[in-house]
Amino acid sequence: MRDLSDGSAIPVNGATVQGDFLDANWPARAARFTFTVSDTTLKAHAGSIAQAFGSVVYGTSQPGATFALSQPFQILPQ
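In the working numbering, the protein residues as written are 184 to 261.
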């Protein structure tokens with residue numbers, strides 16, 4: 184994730200998945216991968232506008248990549 188208000192990175196947990204299509208880490212072609220942000224990190228970025236992003240690198244003989252961005256959102260104070 185990126186803090187769009189100050190340009191800093193927002194660390195997340197569980198954001199990296201490695202494997203192949205249809206293996207135990209990626210059981211179906213269409214899949215949802217989740218990540219978490221600690222309470223301490225959220226408090227440090229409270230009030231900021233943020234955006235999540237992700238990429239998938241695939242293939243060995245014909246490699247490629249995709250990239251996705253979330254809609255911007257605000258991290259609300261707790």
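By construction, the Cβ of each residue, glycine as well, lies at the ideal position given by its N, Cα and C atoms.
Everything numeric in this text was worked out from a predicted model, so none of it was measured.
Check whether the Cβ atoms of A233 and F256 lie closer than 8 Å to each other. Numbered from 1 along the sequence shown, position 50 holds the residue referred to as residue 233. Numbered from 1 along the sequence shown, position 73 holds the residue referred to as residue 256. In this structure, the beta-carbon distance from A233 to F256 falls below 8 Å.
Own chain residues within Cβ distance below 8 Å of G247, not counting five before or after: Within the sequence shown, residue 247 is the residue found at index 64, counting from 1. The residues are V240, Y241.
Selection from D222, L252, R215, T243 that minimises the alpha carbon distance to V200: Counting from 1 along the sequence shown, the entry for residue 200 is found at position 17. The shortest C-alpha separation from V200 is found at R215.
Please work out which residues of its chain come closer than 6 Å, Cβ to Cβ, to G202, disregarding the five sequence neighbours upstream and downstream, and give them in chain order. Sequence index remark: in the sequence shown, residue 202 carries index 19 (1-based). Correct list, in chain order: N208, W209.
For A251, report the span of its beta strand (DSSP E) as first-last. On the sequence shown, residue 251 is found 68 positions in, with the first residue counted as 1. First-last of the beta strand (DSSP E) with A251: 247-252.
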